[in-house]
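Below is one structure, written out as structure tokens, with a few remarks after it.
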Amino acid sequence: MISFSGTGTILSQNSTQMIFTNIATADRFSLPLIFMGFSITTPPSTRSFSFKFSTEFLELGNVYDIETVSQTYQNNAGVITSSGITVTSAIINAVTSYQI
Amino acid sequence: MLVNLGFIQLRFPSSIAIDPTAVCNDNVTNSSTCVINSGNITLSINGSIPALTSFLLTVDKVKNSAESTQTTSFTIYSYYDALYSSLVDRLETGLTVTMTANPITTASVTPLSLTTYAVTSYTLNFVLKDDISQNGYI
Numbered sequence: 467m468i469s470f471s472g473t474g475t476i477l478s479q480n481s482t483q484m485i486f487t488n489i490a491t492a493d494r495f496s497l498p499l500i501f502m503g504f505s506i507t508t509p510p511s512t513r514s515f516s517f518k519f520s521t522e523f524l525e526l527g528n529v530y531d532i533e534t535v536s537q538t539y540q541n542n543a544g545v546i547t548s549s550g551i552t553v554t555s556a557i558i559n560a561v562t563s564y565q566i
Numbered sequence: 191m192l193v194n195l196g197f198i199q200l201r202f203p204s205s206i207a208i209d210p211t212a213v214c215n216d217n218v219t220n221s222s223t224c225v226i227n228s229g230n231i232t233l234s235i236n237g238s239i240p241a242l243t244s245f246l247l248t249v250d251k252v253k254n255s256a257e258s259t260q261t262t263s264f265t266i267y268s269y270y271d272a273l274y275s276s277l278v279d280r281l282e283t284g285l286t287v288t289m290t291a292n293p294i295t296t297a298s299v300t301p302l303s304l305t306t307y308a309v310t311s312y313t314l315n316f317v318l319k320d321d322i323s324q325n326g327y328i
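Quick mapping for you: the protein sequence lines, in order, are chains A and B.
According to the working numbering, the stretch in the first sequence is residues 467 to 566, in order.
According to the working numbering, the stretch in the second sequence is residues 191 to 328, in order.
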């Protein structure tokens with residue numbers, strides 16, 4: 467039976483943490499599933515962005531890395547709509563002006 | 191939305207040529223820079239452009255293609271900042287132009303004989319308005 471408690475803190479965009487304390491000795495080998503939800507504004511372009519999740523072990527003021535996973539995302543480009551092209555003259559070889 | 195240093199790139203089909211001295215301008219960004227490089231037009235944004243802005247880009251001294259067929263599609267891309275990795279919106283299909291053939295107006299037919307049932311020869315005289323490339327035909 468897992469019976470520890472956790473406290474989540476959003477310190478900044480690059481530092482969001484959840485600390486679990488009072489983990490019982492019996493739970494040291496358990497595999498907890500942790501769900502975290504974030505409401506974010508995605509970037510204004512298709513440039514990729516990533517999330518990095520790390521688990522660390524804190525003991526007596528020391529921090530030990532356990533696991534790290536990074537996930538990269540990329541937005542889809544938007545669709546430009548056009549009402550068409552207006553050509554002053556559509557005759558072949560004509561030197562003309564285009565409005566798009 | 192595009193911000194300062196963002197840009198819009200418009201590519202003409204390869205069958206359409208733009209004169210190197212051509213000028214392009216738009217109805218939105220009076221102070222932006224429009225550069226024409228072969229069939230590529232790059233409109234660099236000076237200031238920001240909000241979403242749903244309707245653009246009208248005018249390019250002069252454009253030479254139509256040499257065939258009366260539908261061109262491939264013009265393409266339009268917008269970029270959020272000065273780097274190509276910041277693609278925002280795009281249009282890659284469906285924006286085409288269909289050229290119209292030039293009418294041959296100077297033409298005449300001269301039969302050697304106008305007599306009914308005569309077996310005769312005809313002379314057709316006409317002037318082409320446009321070049322015909324190698325392997326073209328009449």
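We put the beta carbon where it would ideally sit given N, CA and C, even for glycine.
Cβ-Cβ distance between residue i and residue j below 8 Å
i                      : j                      : result
residue 302 of chain B : residue 311 of chain B : yes
residue 559 of chain A : residue 320 of chain B : yes
residue 198 of chain B : residue 233 of chain B : yes
residue 253 of chain B : residue 322 of chain B : no
residue 564 of chain A : residue 551 of chain A : yes
residue 287 of chain B : residue 261 of chain B : yes
residue 258 of chain B : residue 282 of chain B : no
residue 556 of chain A : residue 289 of chain B : yes
residue 231 of chain B : residue 219 of chain B : no
residue 611 of chain A : residue 489 of chain A : Chain A is shown from 467 up to 566; residue 611 of chain A falls before or after that span and cannot be answered.
residue 548 of chain A : residue 534 of chain A : no
residue 480 of chain A : residue 509 of chain A : no
Closest residue to residue i among the options (Cα-Cα distance)
i                      : options                    : result
residue 271 of chain B : A:566, A:511, A:504, A:474 : A:511
residue 222 of chain B : B:210, B:242, B:247        : B:247
residue 515 of chain A : A:499, A:478, A:536        : A:536
residue 296 of chain B : B:326, B:314, B:212, B:265 : B:314
residue 238 of chain B : B:216, B:212, B:191        : B:191
residue 292 of chain B : B:211, B:229, B:255        : B:255
residue 575 of chain A : B:274, B:196, B:280        : Missing from the structure shown is residue 575 of chain A; chain A here goes from 467 to 566 and no further.
residue 265 of chain B : B:276, B:278, B:284        : B:284
8 Å Cβ cut-off: residues of chain B touching residue i
i                      : result
residue 545 of chain A : 279, 280, 281
In DSSP terms, what residue i is bridged to
i                      : result
residue 281 of chain B : B:266
residue 230 of chain B : B:201, B:227
residue 253 of chain B : A:561, B:207
residue 216 of chain B : B:247
residue 192 of chain B : B:239
residue 481 of chain A : A:478
residue 519 of chain A : A:535
residue 530 of chain A : A:523
residue 260 of chain B : B:288
Chain A contact residues for residue i, given Cβ-Cβ distances below 9 Å
i                      : result
residue 328 of chain B : Ordered by position in chain A, no residue passes the 9 Å Cβ test against residue 328 of chain B, which lies about 15 Å from the chain.
residue 288 of chain B : 556
Closer than 7 Å at the beta carbon, the chain B residues around residue i
i                      : result
residue 566 of chain A : 200, 247, 264
residue 562 of chain A : 252, 254
Interface partners of residue i on chain A, CB under 7 Å
i                      : result
residue 307 of chain B : Going along chain A, no residue has its Cβ under 7 Å from residue 307 of chain B, so there is no contact; the nearest lies around 41 Å.
residue 270 of chain B : 510, 511
residue 276 of chain B : 511, 513
8 Å Cβ cut-off: residues of chain A touching residue i
i                      : result
residue 285 of chain B : 548, 550, 551, 566
Neighbouring residues, chain B, relative to residue i (Cβ below 9 Å)
i                      : result
residue 559 of chain A : 253, 254, 255, 256, 289, 292, 319, 320, 321
Enumerated in chain order, which unbroken segments of the alpha helix (DSSP H) with a length of 4 residues or greater are wholly contained in the segment 288–321 of chain B?
none
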